[in-house]
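**Student:** Supplied in structure tokens, the structure appears directly below.
Number of protein chains: 4
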Amino acid sequence: MIIVMHREATDRDVAAIVARIEEQGLGVNVSRGTERTVIGAIGDERKLDQVMFETMAGVEQALHILKPYKIVAREWHPEDTVINIRGIPLGGPQVQVIAGPCSVETPEQMAASASAVKAAGVRLMRGGAFKPRTSPYTFQGTGVEGLEMFRQAADAENLPIVTELMDVRQLPMFMDYGVDVIQIGTRNMQNFDLLKEVGRINVPVILKRGMSATISEWLMAAEYIAAGGNHNIIFCERGIRTFETAYRNVLDVTAIPVLKKETHLPVIVDPSHAGGKAWMVPALSRAAVAAGADGLLVEMHPSPCDAWCDADQALNPQELQTLMGELRGIAGILGRSIA
Amino acid sequence: MIIVMHREATDRDVAAIVARIEEQGLGVNVSRGTERTVIGAIGDERKLDQVMFETMAGVEQALHILKPYKIVAREWHPEDTVINIRGIPLGGPQVQVIAGPCSVETPEQMAASASAVKAAGVRLMRGGAFKPRTSPYTFQGTGVEGLEMFRQAADAENLPIVTELMDVRQLPMFMDYGVDVIQIGTRNMQNFDLLKEVGRINVPVILKRGMSATISEWLMAAEYIAAGGNHNIIFCERGIRTFETAYRNVLDVTAIPVLKKETHLPVIVDPSHAGGKAWMVPALSRAAVAAGADGLLVEMHPSPCDAWCDADQALNPQELQTLMGELRGIAGILGRSIA
Amino acid sequence: MIIVMHREATDRDVAAIVARIEEQGLGVNVSRGTERTVIGAIGDERKLDQVMFETMAGVEQALHILKPYKIVAREWHPEDTVINIRGIPLGGPQVQVIAGPCSVETPEQMAASASAVKAAGVRLMRGGAFKPRTSPYTFQGTGVEGLEMFRQAADAENLPIVTELMDVRQLPMFMDYGVDVIQIGTRNMQNFDLLKEVGRINVPVILKRGMSATISEWLMAAEYIAAGGNHNIIFCERGIRTFETAYRNVLDVTAIPVLKKETHLPVIVDPSHAGGKAWMVPALSRAAVAAGADGLLVEMHPSPCDAWCDADQALNPQELQTLMGELRGIAGILGRSIA
Amino acid sequence: MIIVMHREATDRDVAAIVARIEEQGLGVNVSRGTERTVIGAIGDERKLDQVMFETMAGVEQALHILKPYKIVAREWHPEDTVINIRGIPLGGPQVQVIAGPCSVETPEQMAASASAVKAAGVRLMRGGAFKPRTSPYTFQGTGVEGLEMFRQAADAENLPIVTELMDVRQLPMFMDYGVDVIQIGTRNMQNFDLLKEVGRINVPVILKRGMSATISEWLMAAEYIAAGGNHNIIFCERGIRTFETAYRNVLDVTAIPVLKKETHLPVIVDPSHAGGKAWMVPALSRAAVAAGADGLLVEMHPSPCDAWCDADQALNPQELQTLMGELRGIAGILGRSIA
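So the sequence lines, in the order shown, correspond to chains S, C, G and F. For the first sequence, position 285 matches number 285 in UniProt numbering, and the numbering has no gaps at all. For the second sequence, position 302 matches number 302 in UniProt numbering, and the numbering has no gaps at all. For the third sequence, position 24 matches number 24 in UniProt numbering, and the numbering has no gaps at all. For the fourth sequence, position 310 matches number 310 in UniProt numbering, and the numbering has no gaps at all.
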């Protein structure tokens with residue numbers, strides 16, 4: 001940690017800072033400049049609280065120079081982590097698409113979805129049984145019955161399932177149904193109790209980025225899961241909130257190369273929630289793969305106009321198939337493949 | 001709802017929309033303009049899904065003209081709601097300050113805090129036993145023991161207590177300790193399962209605004225609580241996330257008059273988390289009361305430099321007392337009082 | 001325009017609105033719903049001022065249903081506009097890259113840049129002679145001498161030049177040097193006097209997006225240029241300002257398909273200013289082309305470490321060449337080519 | 001400047017950095033920690049370019065520890081600057097209100113405005129002759145005739161005038177009409193050529209904050225003016241752009257105490273553009289004065305419904321008078337006065 005003193009800081013102020021750092025068992029370097037004195041703490045600064053120093057007399061600012069995350073950091077784990085989802089690798093040279101409807105509606109809809117997913121060459125299926133909805137008066141998901149329908153439809157096509165967990169109390173049920181990948185949604189990215197619980201199991205977790213979460217906060221949220229022992233974490237960029245009102249969110253493609261540099265864990269993109277309109281999905285999907293994403297989470301519905309939620313953002317089966325073709329081409333240029 | 005058709009929409013497209021609206025039992029008004037045909041649905045549009053119409057042929061956009069919230073809306077409840085917290089009114093002419101430390105540390109710290117709160121003329125006390133922390137490696141709160149310490153210290157001064165609930169599983173414990181006001185934190189504003197649970201009890205709830213929640217989303221989050229039967233809801237503005245990095249958050253004072261217009265429920269402000277520095281708190285507190293806030297949630301610590309968390313944003317007892325004096329003056333100009 | 005009345009609006013309020021619309025020569029449709037009366041104006045609503053209606057008694061809100069831009073709108077000009085820059089097409093099937101240094105430094109640097117640009121297969125060259133710098137104490141550009149150096153170096157390789165205009169008084173000088181494409185920078189997107197001046201000439205203009213400009217404001221800024229008679233306008237997305245601090249700006253790829261839908265004019269992307277670091281440029285460039293951009297504006301320097309400004313965001317000649325290869329592949333998948 | 005090296009940086013990398021700093025005539029302090037080596041430059045770091053160091057081998061990040069602004073900084077000028085506007089002090093204990101219409105329309109409207117301004121006890125008058133409008137198709141201001149009308153109306157009441165300059169070419173005309181305070185609008189905060197021009201004269205300048213300008217960029221924009229010799233600069237906060245759509249901008253009250261700490265120059269607030277609705281203006285004005293603003297810039301129109309622009313944000317004369325009364329009370333509590 002670097003502590004920059006005010007121009008008028010006294011020798012006594014400096015001595016107090018030095019003493020405080022040494023108390024914590026760290027070494028100290030004091031550099032007296034012409035305009036400012038700068039104090040450096042030598043050793044594991046993660047023990048030091050920046051805010052505590054900023055309350056001390058004569059301190060202008062205290063700056064961490066190390067990243068606060070450790071298990072998820074590429075610095076400590078240089079090789080890419082490949083997550084194994086019932087034999088399907090996520091995070092390696094193969095780009096994985098996960099597709100399916102926004103919400104589980106009926107057995108027929110799920111069967112049609114599963115077969116369309118399979119037909120498009122997609123190897124993992126998504127679907128929501130418990131839905132986080134902005135209004136208490138709109139459809140809240142089919143719940144446990146939805147989970148049952150989803151499991152059956154996916155099993156018929158031998159597709160692992162990805163679904164969202166909103167409440168710690170539902171985790172045992174998710175385990176009973178053998179959910180293959182648990183999704184933590186945008187609104188729960190900093191629901192720390194939920195993160196701790198999924199940290200205690202070993203099912204892969206997709207951690208969606210909070211609506212206005214910084215890269216650093218997002219990595220720290222993953223660190224919560226990892227600190228519990230579950231290192232099977234997949235980051236999912238889904239668009240951030242900005243001033244722009246012409247589309248729902250702004251897909252942050254820059255996050256892809258930046259995360260790939262900071263962490264060894266896989267990074268996927270949800271182009272459907274990012275743009276909010278089906279017609280934007282192909283362009284955003286291509287951009288994500290071109291920027292180096294390890295996979296996509298795409299909404300597809302056998303009959304989008306009849307979908308019970310987010311009807312306007314789902315691709316139909318034909319559109320998914322066309323998109324897969326384009327993505328195969330782009331992945332190839334980057335030396336990757338799509339199953 | 002207003003549905004604006006594309007310039008090239010056909011008569012058949014228009015007929016399909018009309019049929020769909022009538023199916024839902026609403027009336028229809030069709031206005032054929034020179035550049036666009038506009039269709040209006042007559043009746044309770046809350047039954048209609050805007051997104052569903054936007055997937056239909058020929059539709060350019062669908063617009064709700066009614067607000068999606070009802071119980072919390074002033075439109076349906078014109079008088080101010082005054083919430084009774086063990087005899088202390090919040091939301092009426094009296095401006096209420098809630099003060100106390102960021103986190104519960106020791107019995108001595110809590111006793112000193114409670115007596116400082118009382119001495120400043122403050123009638124409600126805050127303190128955190130369960131802490132939402134960005135890093136899994138920092139202090140996570142004293143938990144149930146903290147709740148016990150808090151209850152005892154506050155009881156000694158006869159102060160109702162306000163503390164944060166992060167996990168649905170802790171609600172019974174909060175009831176056992178007789179928590180007087182439950183705080184739902186920023187990161188949980190859209191933790192819908194938690195909102196539903198606090199909607200089932202009748203303890204007053206402070207609902208903090210999400211870091212980048214719109215006024216409309218915030219009102220809808222309150223509607224979740226209200227829909228369960230608990231109408232004792234207090235909105236708490238605590239700064240929003242923007243591009244500015246010179247301070248932690250941007251206190252959104254405009255939200256105060258806007259919320260007071262939209263809802264009958266009380267609106268308070270947390271100036272401590274908004275700015276993130278103790279020296280900013282007096283200016284922000286005065287601004288909040290001057291803009292019409294019904295109360296404040298302020299961090300105070302008997303010895304800020306020794307605080308276990310957020311040390312740089314707590315006032316000391318003397319600063320709180322000085323601030324109370326200024327606030328009494330401002331409240332008086334607006335025809336209000338501070339106990 | 002749609003005017004939504006308050007629930008308690010009187011017949012007299014409605015009559016006043018109707019009269020005001022009719023005064024302007026438009027027709028009126030009044031729809032009396034169960035909760036609200038909605039008034040529609042029939043005819044060219046661009047004559048009506050939404051704000052004016054919102055001051056009238058009984059009005060809740062007034063909404064435009066038509067887009068405020070006309071010349072730049074695809075609605076009125078469905079075919080793509082292809083801009084001819086000394087024989088080089090921008091906006092058609094060929095994706096055009098524009099490359100060169102951030103700032104013009106010396107004749108040697110410019111000669112080396114021009115030959116590297118040419119060698120990479122790039123057909124247009126960029127370089128800044130007048131620089132908008134955040135601080136008055138940093139390098140402000142080489143000015144007219146820079147323009148001279150740029151012209152000579154580019155002419156030696158027969159490359160059209162692209163450079164930024166910051167001040168209306170410099171326009172005659174730009175014309176004298178035969179600047180082939182004038183760039184209007186981010187900070188000047190709403191410098192309306194400058195827009196009007198470049199609207200009076202017929203040199204192509206690259207209009208960069210303002211740091212926090214909405215799509216609609218950006219289209220309106222282009223409409224300022226177009227209204228003067230110059231329809232040779234190229235939109236350039238260069239990253240927007242958000243809460244994220246891990247990189248300089250957030251490249252808004254969603255803007256690409258959205259603009260292509262709204263306007264017939266070409267859309268290019270500046271990946272260098274978006275990310276702010278050279279190592280991010282290839283990923284962002286690929287994403288832009290994959291999302292459908294018509295071109296790129298890329299910083300390249302013969303020796304990035306010695307650059308006088310923005311040293312850390314320029315590619316070196318070899319990196320540019322490698323990138324061009326990847327982009328050719330992606331363009332090919334979309335049925336496009338790169339010269 | 002502090003330069004943090006990568007964990008794997010070599011001795012040679014460190015030596016190169018040290019040499020580069022010494023070349024610039026600064027001293028060096030090298031601190032070898034357990035995880036990182038940190039290099040400090042000792043002396044006037046304003047000579048060093050952070051970005052240049054970030055391109056050198058082995059560098060993780062380079063951090064400035066001094067603020068980039070100097071003339072405007074309170075660090076170098078601890079006392080408040082009081083600006084003298086034809087005998088009226090701005091920046092001292094007296095809080096100054098500047099009021100008047102959004103735009104100059106007719107001699108009658110200006111005469112009525114001036115007398116209402118005077119009657120309310122306001123000592124400075126505002127009015128726009130040249131208007132920055134988002135659309136080229138809307139009213140662009142009455143121009144030089146407007147300036148003439150404004151001058152005459154204000155002179156009749158002996159009020160100094162404040163008006164916006166958009167184009168460097170209009171500056172001589174502004175001087176001819178003896179404009180007392182020149183306003184630089186939001187969209188021109190980083191129009192550096194315009195800033196340089198107003199830096200060459202000695203008329204006071206109101207510098208409005210850019211829509212998404214950071215405090216630091218805003219101070220640097222003022223430094224541009226100050227560097228030219230004109231130190232009569234007044235900062236004007238007018239709301240920033242965020243994700244919120246319920247109001248036009250978010251008034252950033254936190255900027256008031258923060259600026260007052262960073263600079264010795266006066267800080268005023270424009271509550272009219274911030275909220276965008278007249279009914280929000282009193283609450284925002286009170287908040288601004290309570291937070292320590294040195295003045296306000298308020299829109300007032302003798303007949304708001306008939307205003308030619310921004311009709312819905314102007315107070316009427318009676319509302320202005322009532323507001324002045326409230327502000328006097330709040331200023332008094334802070335030990336200040338309003339003329």
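All C-beta atoms in this analysis are idealised placements derived from N, C-alpha and C, irrespective of residue type, glycine included. None of these values were measured; they are calculated from a predicted model.
DSSP three-state label for G275/F, please.
**Tutor:** Locating residue 275/F in the fourth sequence gives position 275, where the first residue counts as 1. G275/F: helix per DSSP, three-state reduction.
**Student:** Label T125/S either buried or exposed according to how many other C-beta atoms from any shown protein chain fall within 10 Å of its C-beta, with 16 as the threshold for buried.
**Tutor:** Taking the first residue of the first sequence as 1, we reach residue 125/S at position 125. Sequence check: residue 125/S is Met here, not Thr. Under this definition M125/S is a buried residue.
**Student:** What residue does the alpha helix (DSSP H) around P107/F start on, and which one ends it?
**Tutor:** Here residue 107/F corresponds to residue number 107 of the fourth sequence, with the count starting at 1. Element bounds for P107/F: 107 to 119.
**Student:** Based on the DSSP output, what are the partners of S31/S in its beta bridges?
**Tutor:** The residue given as residue 31/S occupies position 31 in the first sequence. Paired residue(s): V38/S.
**Student:** For C102/C, count neighbouring C-beta atoms within 10 Å of its own C-beta (all shown protein chains included) and say buried if the count is 16 or more, exposed if not.
**Tutor:** The residue given as residue 102/C occupies position 102 in the second sequence. Classification of C102/C: buried, given that the 10 Å Cβ count is 16 or more.
**Student:** Would you tell me roughly how many angstroms separate the C-alpha atoms of A120/S and E319/S, rounded to the nearest one?
**Tutor:** Translated into the one-based positions of the first sequence, residue 120/S becomes position 120. Translated into the one-based positions of the first sequence, residue 319/S becomes position 319. Near 9 angstroms, if we compare the C-alpha coordinates of E319/S and A120/S.
**Student:** In three-state DSSP terms, what is A129/S?
**Tutor:** Here residue 129/S corresponds to residue number 129 of the first sequence, with the count starting at 1. Coil at A129/S, not helix or strand.
**Student:** According to DSSP, simplified to helix, strand and coil, what is V281/F?
**Tutor:** Looking up residue 281/F in the fourth sequence gives position 281. If DSSP states are grouped into helix, strand and coil, V281/F belongs with the helices.
**Student:** Return yes when the Cβ of H264/G is within less than 7 angstroms of the Cβ of D80/G, no when it is not.
**Tutor:** Indexing the third sequence from 1 puts residue 80/G at position 80. Indexing the third sequence from 1 puts residue 264/G at position 264. Yes, the Cβ-Cβ distance between D80/G and H264/G is below 7 angstroms.
**Student:** Helix, strand or coil: which one does DSSP assign to A222/S?
**Tutor:** Numbered from its first residue, the first sequence carries residue 222/S at position 222. DSSP places A222/S in helix when its eight states are reduced to three.
**Student:** Between the Cα of D193/G and those of A213/F, F130/F, L159/F, V181/F, spot the shortest distance and give me the residue it belongs to.
**Tutor:** Position 193 of the third sequence, counting from 1, holds the residue named residue 193/G. Of the candidates A213/F, F130/F, L159/F, V181/F, the one whose C-alpha sits nearest the C-alpha of D193/G is F130/F.
**Student:** So S272/G and R241/G are supposed to be a Cβ contact under 8 angstroms. How far apart are they, rounded?
**Tutor:** Looking up residue 272/G in the third sequence gives position 272. Looking up residue 241/G in the third sequence gives position 241. 16 angstroms between Cβ atoms; not a contact.
**Student:** Among E244/C, Y247/C, N249/C, G239/C, which residue has its Cα nearest to the Cα of V269/C?
**Tutor:** Walking along the second sequence from the start, residue 269/C turns up at place 269. Residue G239/C is the option with its Cα nearest to V269/C.
**Student:** Mind pulling the chain G residues with CB within less than 9 angstroms of E244/F?
**Tutor:** If you number the fourth sequence from 1, residue 244/F lands on position 244. Those within 9 angstroms of E244/F in chain G number zero; the least Cβ separation is about 13 angstroms.
**Student:** Any idea what DSSP makes of A259/C, helix, strand or coil?
**Tutor:** Working through the second sequence from its first residue, we reach residue 259/C at position 259. In the sequence under discussion, the amino acid at residue 259/C is Leu, which differs from the Ala named in the question. Residue state, collapsed to three classes: helix.
**Student:** Mapping the DSSP letters down to three states, classify K208/S as helix, strand or coil.
**Tutor:** Numbered from its first residue, the first sequence carries residue 208/S at position 208. Correct three-state label for K208/S: strand.
**Student:** If you follow the alpha helix (DSSP H) that V198/G is in, where does it begin and where does it stop?
**Tutor:** The count along the third sequence starts at 1 and reaches residue 198/G at position 198. Run containing V198/G: 192 to 199, per the alpha helix (DSSP H) assignment.
**Student:** Which whole-angstrom value is the C-beta distance of A41/S and A16/S, which I expect to be below 8 angstroms?
**Tutor:** What you label residue 41/S is simply residue 41 of the first sequence in a count that begins at 1. What you label residue 16/S is simply residue 16 of the first sequence in a count that begins at 1. Wrong, their Cβ atoms sit about 14 angstroms apart, outside the cutoff.
**Student:** With 7 angstroms as the threshold, decide whether the Cβ of E237/C is near any Cβ in chain S.
**Tutor:** Here residue 237/C refers to the residue found at position 237 of the second sequence. Not one chain S Cβ lies under 7 angstroms of E237/C.
**Student:** Kindly list, in the order they appear in chain S, the residues whose Cβ is closer than 9 angstroms to that of T214/G.
**Tutor:** Here residue 214/G refers to the residue found at position 214 of the third sequence. Near T214/G (Cβ distances below 9 angstroms), the residues of chain S are F243, E244, T245, A246.
**Student:** Ends of the beta strand (DSSP E) at G100/C?
**Tutor:** The residue given as residue 100/C occupies position 100 in the second sequence. Taken as a continuous stretch (DSSP letters only), the beta strand (DSSP E) holding G100/C covers 94 to 100.
**Student:** Which residues does DSSP list as the beta-bridge partners of C236/S?
**Tutor:** If you number the first sequence from 1, residue 236/S lands on position 236. DSSP output for C236/S lists K208/S, I268/S as bridge partner(s).
**Student:** Residues of chain G with CB under 8 angstroms from T34/C, in chain order?
**Tutor:** By 1-based counting over the second sequence, the position of residue 34/C is 34. Neighbours of T34/C on chain G, chain order: I42, G43, D44.
**Student:** Ends of the beta strand (DSSP E) at E148/F?
**Tutor:** Start at 1 with the first residue of the fourth sequence, and residue 148/F comes out as number 148. Premise fails: E148/F lies in the alpha helix (DSSP H), 143 to 156, not in any beta strand (DSSP E).
**Student:** Look up M300/S in the DSSP assignment and say whether it is helix, strand or coil.
**Tutor:** By one-based count along the first sequence, residue 300/S stands at place 300. M300/S: strand per DSSP, three-state reduction.
**Student:** Check for me: the alpha helix (DSSP H) holding V82/S runs from which residue to which?
**Tutor:** Position 82 of the first sequence holds residue 82/S. No alpha helix (DSSP H) holds V82/S; DSSP gives it neither H nor E.
**Student:** List, in order along the chain, the chain F residues whose C-beta lies closer than 7 angstroms to that of V51/G?
**Tutor:** One-based indexing of the third sequence puts residue 51/G at position 51. Going along chain F in sequence order, the residues near V51/G (Cβ under 7 angstroms) are D310, A311, D312.
**Student:** With distances taken Cα to Cα, identify the nearest neighbour of G229/G among M173/G, K70/G, T138/G, M324/G.
**Tutor:** Here residue 229/G corresponds to residue number 229 of the third sequence, with the count starting at 1. Out of M173/G, K70/G, T138/G, M324/G, K70/G has the C-alpha closest to the C-alpha of G229/G.
**Student:** Distance check for E22/S and N191/C, CA to CA, integer angstroms please.
**Tutor:** Stepping through the second sequence from its first residue, residue 191/C is reached at position 191. Stepping through the first sequence from its first residue, residue 22/S is reached at position 22. Cα to Cα, the separation comes out at about 42 angstroms.
**Student:** How would you label H64/G, buried or exposed, when you count the other beta carbons within 10 angstroms and need 16 or more for buried?
**Tutor:** The sequence position of residue 64/G within the third sequence is 64, counting from 1. The residue in question, H64/G, is exposed, as its Cβ has fewer than 16 Cβ neighbours within 10 Å.
**Student:** Can you tell which of I201/C, M220/C, R200/C, N202/C has the C-alpha that lies nearest to the C-alpha of K208/C?
**Tutor:** Here residue 208/C is taken as the residue at index 208 of the second sequence, counted from 1. It is M220/C whose Cα lies nearest to the Cα of K208/C.
**Student:** For the alpha helix (DSSP H) containing L323/S, list its first residue and its last residue.
**Tutor:** The count along the first sequence starts at 1 and reaches residue 323/S at position 323. 317 to 333 is the span of the alpha helix (DSSP H), which, as asked, contains L323/S.
**Student:** Is the Cβ of S31/S closer than 7 angstroms to any Cβ of chain F?
**Tutor:** For the purposes of this step, residue 31/S is taken as residue 31 along the first sequence, with counting starting at 1. So, interface residue.
**Student:** Throw me the rounded Cβ distance for the I83/G and G91/G pair, which I believe falls under 8 angstroms.
**Tutor:** Within the third sequence, numbered from 1, the residue matching residue 83/G stands at position 83. Within the third sequence, numbered from 1, the residue matching residue 91/G stands at position 91. Rounded, the Cβ-Cβ distance is 5 angstroms, consistent with contact.
**Student:** With 16 other CB atoms within 10 Å as the buried threshold, where does N188/S fall?
**Tutor:** Numbered from 1 along the first sequence, position 188 holds the residue referred to as residue 188/S. Under this definition N188/S is a buried residue.
**Student:** Could you give the DSSP three-state label for Q50/G: helix, strand or coil?
**Tutor:** Residue numbering aside, residue 50/G sits at position 50 when the third sequence is read from its first letter. DSSP places Q50/G in helix when its eight states are reduced to three.
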